[in-house]
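Asks:
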Amino acid sequence: MHINTGSFDNWPCTLHQLCKPTHRQYSNSMNFTQFQLEVLNRHNELRAQHSAEPLQLNKNLCEFAQQWANKLATENKLQHRSSNKYGENLYACFGRANIEGKDAVDSWYSEVKNYTFGAADPGSNFPNVGHFTQVVWKGSVQLGVGIAAKGTSVFVVCNYDPPGNVYGQYAQHVSSR
Numbered sequence: 007m008h009i010n011t012g013s014f015d016n017w018p019c020t021l022h023q024l025c026k027p028t029h030r031q032y033s034n035s036m037n038f039t040q041f042q043l044e045v046l047n048r049h050n051e052l053r054a055q056h057s058a059e060p061l062q063l064n065k066n067l068c069e070f071a072q073q074w075a076n077k078l079a080t081e082n083k084l085q086h087r088s089s090n091k092y093g094e095n096l097y098a099c100f101g102r103a104n105i106e107g108k109d110a111v112d113s114w115y116s117e118v119k120n121y122t123f124g125a126a127d128p129g130s131n132f133p134n135v136g137h138f139t140q141v142v143w144k145g146s147v148q149l150g151v152g153i154a155a156k157g158t159s160v161f162v163v164c165n166y167d168p169p170g171n172v173y174g175q176y177a178q179h180v181s182s183r
């Protein structure tokens, strides 16, 4: 896969060294706050279909997610944090710099087609459903959103608190529509 190189774009916190824009602000016509709200609203639309309470944006969790999104864009590599006390969903889009918040969330949610509702846990099917189950996990109440881009590659990070995907608790936390 060829990853386009170019300027490094990111948002919004400038208090921490890892959060500071490396070159310039993201050139998307949408601002960072609007993107965060799109991600939050799409999560909550989908969660409502599964009887899960709405998530709330958390500033500290957004900064945490933003730091990781910056790192992913810098390294042009999609990987989960090796140590993370939060739930985490990652999304990358290569070849177009402009995305909407729902693009990432809908991608994760599309795994619903692979999920068996009522099961205690997904077992070996976890890689095919884990993003979906985190999106609708009833026990998660806080959301952090980060986004960074390098050229036309965009990386989105969502962190969830408390984390979802707790084995043995799927039937309790993931309801059918």
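So in the numbering used here the end of the sequence shown lands on 183, straight run, no missing numbers. C-beta atoms are modelled at their ideal positions from N, C-alpha and C, and glycine is treated no differently.
Based on DSSP bridge pairs, tell me the residues matched to I153.
Replies: Paired residue(s): V162.
Asks: With DSSP run on the structure shown, which of helix, strand or coil describes Q148?
Replies: In the structure shown, Q148 sits in a strand (DSSP, three-state: E or B).
Asks: What separation, rounded to the nearest whole angstrom, lies between the Cα atoms of H49 and H56?
Replies: Taking the straight line from one Cα to the other gives about 11 Å.
Asks: Just tell me which of V172, R53 and L149 has its CA closest to the CA of N165.
Replies: When each option's Cα is compared against that of N165, the closest is L149.
Asks: Just reading off the beta strand (DSSP E) that G93 is part of, what are its end residues?
Replies: Residues G93 to F100.
Asks: Where do the ends of the alpha helix (DSSP H) carrying H179 lie?
Replies: Looking at the DSSP string, the run of the alpha helix (DSSP H) that includes H179 is Y176 to H179.
Asks: Closer than 7 Å by C-beta to A177: which residues in its own chain qualify, once you throw out the five before and the five after it? Chain order, please.
Replies: Same-chain partners within the cutoff: G124, A125 and A126.
Asks: Look up L63 in the DSSP assignment and say whether it is helix, strand or coil.
Replies: Three-state DSSP puts L63 in a strand.
Asks: Counting along the chain, where does the alpha helix (DSSP H) carrying R53 start and finish?
Replies: F38 to A54 is the extent of the alpha helix (DSSP H) around R53.
Asks: I'd like to know whether the C-beta atoms of V111 and V45 end up nearer to each other than 7 Å.
Replies: The answer is yes: Cβ separation under 7 Å.
Asks: Relative to the alpha-carbon of R183, which residue among L78, Q73 and A58 has its alpha-carbon at the smallest distance?
Replies: Minimum Cα distance to R183 is reached at A58.
Asks: Three-state secondary structure (DSSP) at D109?
Replies: D109 falls in the helix class under three-state DSSP.
Asks: Considering only C-alpha positions, which residue in the set S146, T139 and I105 is nearest to S116?
Replies: Nearest option by C-alpha distance: T139.
Asks: Quick one: Cα of Q163 to Cα of L78, how far?
Replies: Checking the sequence shown, residue 163 turns out to be Val, not Gln. Those two C-alpha atoms are separated by around 9 Å.
Asks: Considering only the beta carbon of each residue, do P169 and G93 sit closer than 7 Å?
Replies: Yes. Within cutoff.
Asks: Exposed or buried, which one is A71 when buried takes at least 16 other CB atoms within 10 Å?
Replies: With 16 or more Cβ atoms within 10 Å of its Cβ, A71 is classed as buried.
Asks: Within a Cβ cutoff of 6 Å, which residues of the same chain sit near C99, ignoring the five residues on either side of it in sequence?
Replies: The answer, listed in chain order, is I105 and V160.
Asks: Are the Cβ atoms of N90 and A154 separated by less than 7 Å?
Replies: Not in contact: N90 and A154 (Cβ atoms no closer than 7 Å).
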